[in-house]
Amino acid sequence: MTAPTLPGLAPDTPTPIPADTPPTPGTRAARMALPMSRQVLKEMAAEYGVCLHPVTLRRTDLHTGHTEVIDLPCGSTRDDKCPPCAQRALRLRRTQIREGWHRIDEPAPAPTPATDAQRELILLRAHLEFARDDAARNSQPDQVADVDDAIREV
Ligand SMILES: [Zn+2]
-16 MTAPTLPGLA
-6 PDTPTPIPAD
4 TPPTPGTRAA
14 RMALPMSRQV
24 LKEMAAEYGV
34 CLHPVTLRRT
44 DLHTGHTEVI
54 DLPCGSTRDD
64 KCPPCAQRAL
74 RLRRTQIREG
84 WHRIDEPAPA
94 PTPATDAQRE
104 LILLRAHLEF
114 ARDDAARNSQ
124 PDQVADVDDA
134 IREV
């Protein structure tokens, strides 16, 4: 037994759809149109420097008990993960390098004030160093050895 057919149409021929008809909601055609709008939204967010993958946190005010949900930037430093956050991290890192945050050691602390005896020893050492250089410059190796002994003693 066959289904009844309209005259002039073959039984397997689908009804023609006009080209400018919007896709029916919920159909595959409608779903295929959505990723394009999502991509445009991501591009706009990147253009305005907004994080593409925000982290959602719930914040509670301990005094009032009021709770709210806030979005924080992901803070990624990789351009393929989140370009706006990576650009922001790059700017921050450049500023830190300019200000010297990259140093791995702290500058040496200032020395404590020396006593009078320490000042005299430093002065004597400086005089002996000068005498040693003078003797070395004038080719007097016996005096250089004597001054070295005195420096070692000081
Ligand atoms: Zn981000």
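Start counting the sequence shown at -16; every next residue gets the next number (this note's numbering). Positions of the beta carbon are idealized from the N, C-alpha and C atoms, including for glycine.
Buried versus exposed call for residue i [16 or more other C-beta atoms within 10 Å across all chains shown]
| i | result |
| --- | --- |
| P(-1) | exposed |
| P90 | exposed |
| P94 | exposed |
| P8 | exposed |
| P67 | buried |
| L75 | exposed |
| L73 | exposed |
| L17 | exposed |
Distance between residue j and residue i (C-alpha atoms, nearest Å)
| i | j | result |
| --- | --- | --- |
| D117 | I105 | 18 Å |
| R42 | R71 | 24 Å |
| D44 | G58 | 24 Å |
| D54 | H85 | 30 Å |
| K25 | T60 | 18 Å |
| D125 | P92 | 40 Å |
| G32 | V38 | 16 Å |
| D131 | I87 | 37 Å |
| P56 | D99 | 59 Å |
| P96 | A109 | 18 Å |
| A141 | V127 | The structure shown does not extend to residue 141, since the chain is modelled only from -16 through 137, so no value can be given for it. |
Beta bridge counterpart(s) of residue i as assigned by DSSP
| i | result |
| --- | --- |
| I87 | None, per the DSSP bridge assignment. |
| V52 | R41 |
heavy atom of ligand 1 below 8 Å from residue i C-beta
| i | result |
| --- | --- |
| K64 | yes |
| P67 | yes |
| P56 | yes |
| L35 | yes |
| S59 | yes |
Fully enclosed by the segment 58 to 121, which alpha helix (DSSP H) runs are 4 residues long or longer? 66 to 81 and 99 to 120
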